[in-house]
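Reviewing the structure listed below.
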Amino acid sequence: MSILDNRPALKGQIDKVAEVAGYLWQKGWAERNGGNITVNVTEWADDAMRALPAISAPRPIGKTLPHLAGCWFYCKGTGKRMRDLAREPMANGSIIRITADCAHYEIVADQPVAPTSELPSHLAVHDYLLAKGSPYRASLHTHPIELVALTHSKAWMEKDAATRMLWSMIPETKAFCPRGLGMVPYMLPSSVELADATIKAIDDDYDVVMWEKHGVFAVDADIMDAFDQVDVLNKAAQIYIASRNMGFEPEGMTDAQMRQLSTVFGLPK
Ligand code: 13P
Ligand code: ZN
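Numbered according to the numbering used here, the sequence shown spans residues 272 to 540.
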């Protein structure tokens with residue numbers, strides 16, 4: 272028995288999470304338990320689901336998130352591997368419900384798998400998105416090799432320095448990651464401080480932000496779209512590195528060429 276039985280729409284969302292988890296492993300971005308995924312599945316919760324008992328005691332989120340009362344999330348389990356989640360999403364993740372006090376969650380299905388240690392960042396961002404009326408329902412944290420490598424340089428941590436370089440490598444990067452790449456200075460993984468800094472960076476008008484010397488955090492309408500934004504950015508970083516490995520600094524598209532893209536395709540920046 273699974274909460275996904277006879278709920279094809281909800282199952283469709285979890286199937287997409289499993290598919291993306293497989294890509295993260297194939298990309299080499301998900302060593303061991305690296306990375307996490309959460310999806311706000313509240314719109315797929317029905318009355319029978321709402322009547323289900325919790326299978327864990329309420330546990331504190333670490334923050335009070337006023338827009339999340341009664342919301343439902345699929346969460347990767349802490350310590351669980353993406354490569355295992357790809358095969359068995361409900362054994363390597365769980366569905367949680369936020370309690371009425373907006374400060375705790377309880378696990379409802381299928382198994383008492385404790386959610387990701389990065390839950391404060393994920394839930395704080397979902398709360399922020401709901402407050403803004405955003406259609407975004409998915410958030411992804413992963414460890415893409417080339418993007419993380421960039422954050423080991425103070426020069427690339429400067430606001431929009433990496434964005435400009437990555438956008439200029441291939442036109443698709445700006446077209447499909449049109450807000451660019453925000454930068455969050457190093458903070459302790461799983462901390463509330465990291466959650467607050469992540470929201471601040473996203474509020475500065477980015478869908479994708481780097482956690483310095485750690486990984487990337489991306490939001491989008493669904494998990495496939497969030498993955499695509501990270502994928503195009505990391506591809507651009509690889510092109511930059513390939514040019515450097517060939518012994519030259521890549522030219523990059525010109526500012527005029529990038530402005531033209533924004534005009535013709537109606538991009539926000
Ligand atoms: P979890 O296994 O708790 O999801 O942690 C993985 C991770 O990447 C922490 O930043
Ligand atoms: Zn991480």
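A virtual CB, placed ideally from N, CA and C, is assigned to each residue, including glycine.
Remember, it's a predicted structure, so these values are computed and weren't measured experimentally.
Distances from the alpha-carbon of Asp-476 to those of Trp-300, Leu-275 and Val-396 put Val-396 closest. Nearest Cα to Ala-472 within the set Asn-304, Met-454 and Pro-383: Met-454. Taken atom to atom, the span from the alpha-carbon of Leu-538 to that of Asp-526 is near 14 angstroms. Here DSSP, grouped into helix, strand and coil, assigns Leu-411 to strand. The beta carbon of Asp-491 lies closer than 7 angstroms to those of Tyr-407, Ala-409, Asp-478, Ala-497 and Gln-500 in the same chain, with the five residues before and after it left out. Per DSSP, reduced to three states, the secondary structure at Tyr-511 is helical. A distance of 9 angstroms or more separates the beta carbons of Pro-391 and Ile-308.
Taking Lys-430 as the centre and dropping the five residues before and after it, the same chain places the C-beta of Met-454 closer than 7 angstroms to its C-beta, in chain order. Just measuring C-alpha positions, the residue of Ser-439, Arg-330, Leu-437 and Leu-459 sitting nearest Val-384 is Arg-330.
The closest heavy atom of the ligand ZN lies 8 angstroms or more from the beta carbon of Glu-464.
Each residue's CA atom was taken as its position, placing Ala-489 and Thr-422 some 16 angstroms apart.
Here the C-alpha atom of Val-312 lies approximately 7 angstroms from the C-alpha atom of Leu-281. Rounded to whole angstroms, the Cβ separation of Ala-433 and Met-353 is 25 angstroms, and the two are not in contact under 8 angstroms.
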